[in-house]
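Residue numbers (our numbering): 38 to 132.
Glycine is no exception: its CB is placed at the ideal position from the N, C-alpha and C atoms.
Please read all numbers here as calculations on a predicted model, not as lab measurements.
Worksheet for the structure shown next.
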């Protein structure tokens, strides 16, 4: 029997370049990625996409609420931009 995976954080996809992986406005689960950041730095997360691939979620260096999923095949490009914040409503969805 497999244990149910629980999310450490929820995120809202606000834009994406790959609709096969993410849908704009979709809420996704993130797990904290330990060992990838120092205690004084912003956290990093990991997300398991619809195809079962693990995607690293990195923080925006200029914002506390925006994170991104980089495209591993194209340097400098993003697969999705995420909004992560407590008690924030974005386009009618509370995250």
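Nearest candidate by alpha-carbon position, reference residue i, set the options
i: residue 57; options: 93, 114 and 88; result: 88
i: residue 113; options: 54, 47, 70 and 62; result: 54
i: residue 103; options: 90, 85 and 115; result: 115
i: residue 90; options: 118, 101 and 106; result: 106
i: residue 77; options: 101, 50 and 121; result: 101
i: residue 72; options: 99, 83 and 62; result: 83
i: residue 97; options: 64, 85, 86 and 119; result: 119
C-beta neighbour in chain D for residue i, strict 8 Å
i: residue 100; result: Here chain D cannot be found, since the structure has a single protein chain.
Secondary structure of residue i, DSSP reduced to three states
i: residue 52; result: strand
i: residue 66; result: strand
i: residue 85; result: strand
i: residue 58; result: coil
i: residue 104; result: strand
Outcome for residue i when other beta-carbon atoms lying within 10 angstroms are tallied against a minimum of 16
i: residue 110; result: exposed
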